[in-house]
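These notes concern the structure reproduced below.
In structure tokens form, the structure reads like this:
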């Protein structure tokens, strides 16, 4: 709705918004701090290896391996180095320049989700 209220600033523009962005490790650390427990953290996935393996599977299957194809699509959507993060691509959140957005903190989000009030 804010885009419509700021038509001159947003007309024919891609409007990037990022009110909240954290890593999974930051979420786990905050959960541990607030809940007083220690979670088992799994080893991170090697994204480069996963994508390379998916491309090999696609090549061997003559592009018929749907799971391998899906893995490459997921990488494009979720992995910053493949262009998923507009901030990593050098794009600045535009809407935040002229709209007063509430400050969202990791601590507040974890507290609300943990208490079931989200």
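Numbering (UniProt numbering), first residue to last: 1 to 118. Every residue, glycine too, gets a C-beta built ideally from N, C-alpha and C.
What do you reckon, are the CB atoms on residue i and residue j nearer than 8 Å?
i           : j           : result
residue 50  : residue 71  : yes
residue 110 : residue 31  : yes
residue 48  : residue 57  : no
residue 37  : residue 106 : no
residue 13  : residue 114 : no
Which same chain residues, not among the five before or five after residue i, have their C-beta less than 7 Å away from its C-beta?
i          : result
residue 59 : none
Please report the residue range of the alpha helix (DSSP H) in which residue i lies.
i           : result
residue 112 : 106-115
residue 23  : Run containing residue 23: none; DSSP gives neither H nor E here.
residue 7   : 7-10
Using C-beta distances below 8 Å, list every residue in its chain close to residue i, excluding the 5 sequence neighbours before and after it, in chain order.
i          : result
residue 28 : 39 and 41
residue 26 : 106
residue 61 : 68
Roughly how many angstroms separate the alpha carbons of residue i and residue j, rounded to a whole number?
i           : j           : result
residue 117 : residue 103 : 18 Å
task = Entirely within the stretch 35-68 and at least 4 residues each: give me those alpha helix (DSSP H) ranges in chain order.
result = 47-60
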